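Numbering (our numbering), first residue to last: 837 to 1066.
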């Protein structure tokens, strides 16, 4: 081992240990954590943080203990041990292979652990997730959902009705500005999905919207299904 490289390696390890967690922190502040997970950004960031720390021959572990304890301690220790092993490998080709392998393995472990942490942290679901996963109208009415930006109880009902192909769920819809045309639009969408004109006949002939204008939902429902051959 070339001991002349140790001070430079230690310095670089300290810089990486201090700078990259700050970068990751601010990226997490700017972007929603789940979007980072879904985009795949977190894996290369965490891989870089712990993989490049191997240059410091374990000193990055000390930095991790001082600044990142206790959350990142297991990964900083792993980075230091892998780095020590790589530094003592004389064959350059083998060393490069080990570096890439360590980046992949450590990054995958951290990404997996971080994903579990996000799921178990009790984070608030997005409106799209609620619409996609709700199976009962009572789920749309939970007080916990009221703080979700642009969340619509009626849209939640509508999605359940479409997935279950059950128009009775449309009856839960709340009138908008005194008009219940959203309910009948829900009937129309279920009718189209089931290809069932009889559902269109349940819609009143005149359905006023919030502007007190006939929205023509029944006629449109029957016309579309007739064009489709039903």
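Beta carbons are placed, not taken as given, at the ideal position from N, Cα and C, and that holds for glycine. Predicted, not measured: the structure shown is a model, and the values here were computed from it.
Backbone CA spacing between residue i and residue j [nearest angstrom]
i, j, result
"residue 1049", "residue 1002", "27 angstroms"
"residue 877", "residue 965", "With a pLDDT of 45 at residue 877, under the threshold of 50, the modelled position of that residue is not reliable, and the figure given next carries that caveat. If you take the alpha carbons of residue 877 and residue 965, they lie about 21 angstroms apart."
"residue 1005", "residue 972", "9 angstroms"
"residue 995", "residue 968", "7 angstroms"
"residue 961", "residue 1008", "22 angstroms"
"residue 1045", "residue 1051", "6 angstroms"
"residue 1000", "residue 1064", "22 angstroms"
"residue 1027", "residue 986", "27 angstroms"
"residue 1029", "residue 1047", "28 angstroms"
"residue 1066", "residue 978", "38 angstroms"
"residue 1020", "residue 1059", "15 angstroms"
"residue 963", "residue 991", "10 angstroms"
"residue 993", "residue 970", "9 angstroms"
Those residues which DSSP pairs with residue i across a bridge
i, result
"residue 1012", "1015"
"residue 1044", "1050"
Under 8 angstroms between C-beta atoms of residue i and residue j
i, j, result
"residue 1033", "residue 1054", "no"
"residue 975", "residue 998", "no"
"residue 1022", "residue 1036", "no"
"residue 1043", "residue 1010", "no"
"residue 1038", "residue 1061", "no"
C-beta neighbour in chain D for residue i, strict 8 angstroms
i, result
"residue 1049", "This model lacks chain D altogether; it includes just one protein chain."
Query raised in the report: Do three or more CB pairs link the region 1014-1033 to the region 973-983 at distances below 8 angstroms?
Result: The region 1014-1033 is not in contact with the region 973-983.
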